[in-house]
Every structure is written in C-alpha cells, then in structure tokens.
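First the structure, in the form of structure tokens, and then the observations on it.
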Amino acid sequence: MIETESTLEAWKKLLRHIYENGNNYVDEDNRRCREILNFVVTIKNPEKDVTKPIDLLNSFEKWRYPPLDKIANSILSPDHINSKFSYSYGPRLFNFSGQLNQLDDFVIPVLQKEWWSRKALVNFWDNMIDSSMNKKASPGMTNILFKIIDKKKLNVTAIIRSNDMFFGWPANVYHLYVIQKYVAKKLGLEIGEIITFSFSAHIFEDQFEFVEQVI
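Numbering-wise, the working numbering puts 163 at position 120 of the sequence shown, and it's gapless, one number per residue.
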C-alpha cells in the first residue's frame with residue numbers, strides 16, 4: 044500500500060515498489076512483466092499535481108500522451124472517440140448500454156439525497172459485451188465508488204483489474220480527477236482523495252530503463 048500527499052510522489056513510490064518487489068512473468072501478448080497483486084495507492088491531495096506524471100512521461104519521446112483536453116474528453120464524452128480500443132470510458136459512463144447516464148441519473152441524485160450513501164458506484168464492465176473469451180480489448184478500470192467525507196469532500200476509489208502502472212496509471216488518475224471534479228462541482232464539494240485498487244499492478248520490461256529514470 045502506498046499513501047502520499049501528491050500524485051507524482053505516489054507514482055514514483057509505486058514504480059519503485061513494483062520494480063524492486065514485483066514478480067516476473069510473460070503475459071498473453073508475450074511481453075515480459077513485473078507485477079504486484081491487489082495494490083492500493085492513495086493520493087491525499089491530487090489537485091496539487093495531478094498532471095505531473097503525464098508531464099514527466101511526455102518528456103520521454105517514446106511515451107507521450109495526447110493533450111490533456113483530449114484525455115479529459117475521452118471520459119466526459121458520451122461518444123466513442125478512442126479508435127485504438129473497441130470501448131471508450133465516456134460512453135460507458137454517460138450512456139451505459141445505450142440507456143443510463145451513471146453520473147447525472149444515479150450517482151449525483153443518490154448523494155444529493157443521502158450524502159452518506161455507499162451506493163454511489165459506476166460500472167464500466169458490461170457483461171454482455173466484455174464477458175467473452177474472444178474479446179481482447181476490455182476496460183481496465185471496472186468500477187468507481189464516490190464517497191462523501193464529513194459532508195465536505197468527495198473521495199473516489201477506482202477498481203482496476205489490469206493496470207500498466209508506468210504508462211496507464213497516470214491517465215487513470217487524471218481520468219478519475221476529471222470525473223471527481225465533475226461530480227464534486229455538481230454537489231458543491233471539495234476534492235478529496237483519489238484511491239486506486241489494482242488487481243494486477245504491473246510494469247513491462249521495455250519500460251524498465253524509463254522507470255529507473257523516474258524513480
């Protein structure tokens with residue numbers, strides 16, 4: 044478990060922990076990985092520097108992200124805009140199964156009615172689509188729980204089944220921050236903690252030289 048004030052500090056610590064303590068294996072794509080299972084990371088003050096890991100990645104020519112507005116739009120837009128995968132987080136969030144806006148029609152009303160609720164959960168995994176032996180690209184982030192703390196702050200906890208902690212985690216955290224900010228604004232709350240729970244937290248061998256530079 045990693046707990047820090049800032050996003051960049053969390054990223055550096057989690058990478059060091061996996062690099063030094065992870066188990067090696069070869070995945071289904073024949074990539075050599077180093078993995079920690081059931082890995083929890085808590086960022087207590089994500090607003091402080093939530094984009095810093097992305098900025099650092101962009102300094103490496105090999106590992107560059109699109110602009111921040113495009114990253115944000117990929118989770119705030121109900122339209123499928125990611126051509127790399129057969130899914131986008133935005134449609135799963137705002138138009139799940141073509142029927143449900145999970146934030147505006149469920150999470151926000153639930154928390155407006157009962158600020159203490161433990162039901163404010165969104166789901167990205169669609170069993171009718173993703174639970175198939177033949178489907179390769181499925182959401183890594185499967186759930187987000189929204190929890191109000193002391194009637195003041197909004198915490199978010201993400202469940203991530205498979206998490207590339209070097210290149211994927213910084214985008215996951217930024218996505219979570221964008222969603223957290225969206226909900227917090229609607230509820231008149233401050234930004235609280237961001238927590239990620241990764242069933243498989245891993246890095247790849249072809250990332251090791253860059254991981255060494257980060258940590």
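Ideal placement from N, C-alpha and C gives every residue a C-beta, glycine not left out.
Using only the alpha-carbon positions, how far apart do V221 and S49 sit?
Cα-Cα distance, rounded: 16 Å.
If you draw a straight line from the C-alpha of M44 to the C-alpha of V83, how long is it?
Taking the straight line from one Cα to the other gives about 5 Å.
By how many angstroms is the C-alpha of L100 removed from the C-alpha of F210?
Going from the Cα of F210 to the Cα of L100 covers about 8 Å.
Within 10 angstroms of the Cβ of D193, are there 16 or more other Cβ atoms? Answer buried if so, exposed if not.
Classification of D193: exposed, given that the 10 Å Cβ count is below 16.
When the Cα atoms are used, what is the spatial distance from F149 to A201?
Taken atom to atom, the span from the alpha-carbon of F149 to that of A201 is near 17 Å.
Kindly confirm or deny that the region 230 to 246 and the region 130 to 138 touch, where touching means at least three C-beta pairs closer than 8 Å.
A contact is defined here as three or more CB-CB pairs under 8 Å, and the region 230 to 246 fails this definition with respect to the region 130 to 138.
In terms of residues, what are the limits of the alpha helix (DSSP H) holding T94?
It is not in any alpha helix (DSSP H) - T94 carries neither H nor E in the DSSP assignment.
Straight-line Cα distance separating I118 from P109
Answer to the nearest angstrom: the Cα atoms are 14 Å apart.
Determine whether the beta carbon atoms of N66 and R75 lie at a separation below 8 Å.
No, they are not a contact pair.
Can you tell me where the alpha helix (DSSP H) with R59 in it begins and where it stops?
Element bounds for R59: 50 to 64.
Quick check on the DSSP output: the alpha helix (DSSP H) that includes I219 runs from which residue to which?
The residue asked about is misnamed: residue 219 is Leu in this sequence, not Ile. Per DSSP, L219 belongs to the alpha helix (DSSP H) from 212 to 230.
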